[in-house]
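Participant:
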Amino acid sequence: MLNFFRKNAAKIGFILVVFFIGTMFSGVLFLRGTKGAEKAYKQRNLNSSEIAFIGNLPLNQGKYQSFLNMSLGMLANAKDIQRTYPEFMGILQYNAFNQALNYTVFLEYANEKNIKVSSKELKTALEDVYTKYKLKNKKELKDLLKKNNYSYKQFLRDFKDDLKVQKYINGLTLSIMVSDKDVEDKYTSVKIAHILLKTNEENDEAKDQDVLKGAQSIVEKINNGLSFSQAAKQYTDDPGTKEKNGVLGWINIGDTVEEFEYEAFNLQPGEMSKPVKTLYGYHIIKVLDKKVKKKPADFDLEKEKQALLSMKRARALQNSIQAYLLSHKLEISDEMIRAYDATQKGDFQTAINAYQALSSKQPNSPAPTYLLAQIYLLLGNTQEAKKVLQKAELLGDINKSISIPMVNVELGKIYLKEKDFKNKNKQFEKATILAGSNITLLKQLKVIFESLKEKRRVKVLNKKIEALEKKETAKTVKKTGKN
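Using the numbering used here, you'd call the opening residue of the sequence shown number -15 and step up by one each time.
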């Protein structure tokens, strides 16, 4: 359970930056999503081209594409990196997916709360846009939007949504404060045992009350003589602590959800809480021990408070997202994102199935096949990985422009383990040839060969890279001289 708490505790710490209005606007204006994202879906359609559904709510595709393009736009050599490491695109897509997921849920919350954007608020925000992009009037804005294949009408709808999301975030976070005691708690660790009674995910008030009464009954039994450890073994719904007398272990501020922490850090060793409600159910918490860590020599109370404030605000947003996801099933339709999500969660069979489906959809591309091989390598299934990599190599041989040097590197590594030095050398040589005169690719291969202690290849690559860089420098000097 503690691992589960910790895994979810820092998921969206970056969220305050992501939803700064200027950032959101930049994405909307220059990095448009697909036209399909403009269509509002009233009913769920599993056969549609939607990337994912949260319950019946489709993921905002326009925002997904904006976040993805924003990431790609910051990388001048994204294409080269993607060709060397196909996983790279999966990472970018997954990050964009999570950002779009957060945005989609926040917008839904804003709509549920009937948050509106007044004409005055819209006008003020638009004036900021005119200033930022040095636009004189609405006509210049429309012209700029037109160049980006973006209608003014759609822009206003999207921009209002951004403002609504920002208002929701502000309402949720700006009232959060940090005290000196909160900072003291940051330097305190507590050893915890707990009993968890899970609540249902359908927000059924009657069932919730039944669970609460059950938790209160357990507290009463403990007060009447039942040991906490015995009660944990008998009643807890947390499988991770059931056979450990309910012991979670040592926790620090930021490790668990806020309601749980608030109670835990206000108890003294030996004390037990009343039932505490969190996203996961009702907890009965017992503090077993407490220790205070020494503050660093450069301790600055105000800086510590500011850092803690950022964390608490991010956590409030995270809890908001988590609450929605607990009551609305997330289903990912996009195979690449589904595979990456499954890999992150350790669900390797789902990842394998997703990459196989993607490979069937893109039969001429070596990328899905290469990514499938990575899962087999992760699982230690070298022979299956080898078979799949050989298929990816063949696809690259058919079309050299989409060949992936890392396919040959991975095959070379396998042959090295098998002590098949002839094929190992052949694969490493092929990877170098495929990189051609692309300095980025060659440098990445150099790092790989250094890690494999392939000194001769590193030496050859160093010479090649040096020669290419001299050539590039000469071109730049010549061009500068002409100007």
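Quick reminder that beta carbons are idealized off the backbone N, C-alpha and C, glycines included.
1. Are the beta-carbon atoms of Ile160 and Ala215 separated by less than 7 Å?
2. Any idea what DSSP makes of Val149, helix, strand or coil?
3. Is Ile35 helix, strand or coil by DSSP?
4. Could you please give me the residues that DSSP links to Leu210 through a beta bridge?
5. What's the gap between the Cα of Lys370 and the Cα of Leu125?
6. Since Leu263 is in the beta strand (DSSP E), which residue starts that stretch and which ends it?
7. Per the contact definition of three or more C-beta pairs closer than 8 Å, is the segment 88 to 106 in contact with the segment 145 to 152?
8. Does the Cβ-Cβ distance between Leu41 and Ile35 come in under 7 Å?
9. Mapping the DSSP letters down to three states, classify Gly396 as helix, strand or coil.
10. Whose C-beta lies closer than 6 Å to the C-beta of Lys175 among residues of the same chain, with five residues either side of it excluded?
11. Between which residues of its own chain and Thr220 is the CB-CB distance below 8 Å, once the five residues before and five after are set aside?
12. In the DSSP assignment, the beta strand (DSSP E) including Ser173 goes from what residue to what residue?
13. Straight-line CA distance for Lys455 to Gln411?
14. Under 7 Å Cβ to Cβ from Ala190, same chain only, skipping five residues before and after it: list those, please.
15. Since I believe Phe81 is in contact with Ile321 (beta carbons under 8 Å), could you give me their beta-carbon distance rounded to a whole number of angstroms?
16. So, are the CB atoms of Leu418 and Ser387 less than 7 Å apart?
17. Have a look at Lys120 and Gln77 and give me their C-alpha separation to the nearest angstrom.
18. Since Gly57 is in the beta strand (DSSP E), which residue starts that stretch and which ends it?
19. Looking only at C-alpha atoms, which of Thr262, Phe433, Tyr93 and Lys217 sits nearest to Asp192?
20. With three or more C-beta pairs closer than 8 Å as the rule, is the segment 295 to 305 touching the segment 237 to 255?
21. Determine, using beta carbons only, whether Leu400 and Lys406 come nearer to each other than 7 Å.
22. According to the Cβ coordinates, are Pro350 and Ala326 closer than 7 Å?
23. Whose CA, out of Ser211, Lys287, Leu436 and Glu453, lies closest to the CA of Met256?
24. Measuring straight from C-alpha to C-alpha, what distance separates Gln45 and Ala323?
25. Using the beta-carbon count (16 or more within 10 Å), is Arg469 buried or exposed?
26. Between which residues of its own chain and Ala458 is the CB-CB distance below 6 Å, once the five residues before and five after are set aside?
27. Under three-state DSSP, which class holds Pro389?
28. How is Met500 classed by DSSP in three states: helix, strand or coil?
29. What residues are listed by DSSP as bridge partners for Asp273?
30. Can the beta-carbon of Val195 be found less than 7 Å from the beta-carbon of Tyr266?
31. Return the CA-CA distance between Arg468 and Val444, expressed in angstroms with no decimal places.
32. Curious, which full-length alpha helix (DSSP H) runs of at least 4 residues does the segment 303 to 335 contain?
33. Give me the Cα-Cα distance between Leu429 and Leu356, rounded to the nearest whole angstrom.
34. Spatial neighbours of Glu450 within its chain, please: CB distance less than 6 Å, with the 5 preceding and 5 following residues excluded, ordered by chain position.
35. If you reduce the DSSP assignment to three classes, tell me which class Val241 lands in.
Facilitator: Taking the coordinates as given:
1. no
2. helix
3. coil
4. DSSP output for Leu210 lists no bridge partner at all.
5. For Lys370 and Leu125, the distance between alpha carbons rounds to 54 Å.
6. Here Leu263 belongs to no beta strand (DSSP E), and DSSP marks it neither H nor E.
7. The segment 145 to 152, when compared against the segment 88 to 106, does touch it at the 8 Å Cβ threshold.
8. no
9. helix
10. Cβ neighbours of Lys175 within its own chain (closer than 6 Å, five residues either side excluded): Trp234, Leu272 and Asp273.
11. Closer than 8 Å at Cβ, skipping near neighbours: His178, Ile179, Leu180, Leu181, Lys226 and Gly230.
12. Thr172 to Lys182
13. 28 Å
14. none
15. Confirmed, Cβ separation roughly 5 Å.
16. yes
17. 36 Å
18. Annotation: Gly57 is outside any beta strand (DSSP E); the continuous alpha helix (DSSP H) that includes it extends over Gln45 to Gly57.
19. Thr262
20. yes
21. no
22. Judged by their CB atoms, Pro350 and Ala326 are not nearer to each other than the 7 Å cut-off.
23. Distances from the alpha-carbon of Met256 to those of Ser211, Lys287, Leu436 and Glu453 put Ser211 closest.
24. In a straight line, the C-alpha of Gln45 is about 18 Å away from that of Ala323.
25. Given a span of -15 to 467 for the chain in the structure shown, any question on residue 469 remains unanswerable.
26. none
27. helix
28. Because the chain in this structure spans residues -15 to 467, residue 500 falls outside the shown range and cannot be described.
29. Lys175
30. yes
31. An answer regarding residue 468 cannot be provided, because it is not within the stretch -15 to 467 covered by the chain.
32. Listed in chain order, they are 319 to 328.
33. 21 Å
34. Non-local C-beta neighbours of Glu450 in its own chain, meaning closer than 6 Å and more than five positions away in sequence, are absent.
35. Here Val241 carries a coil assignment [DSSP, helix/strand/coil].
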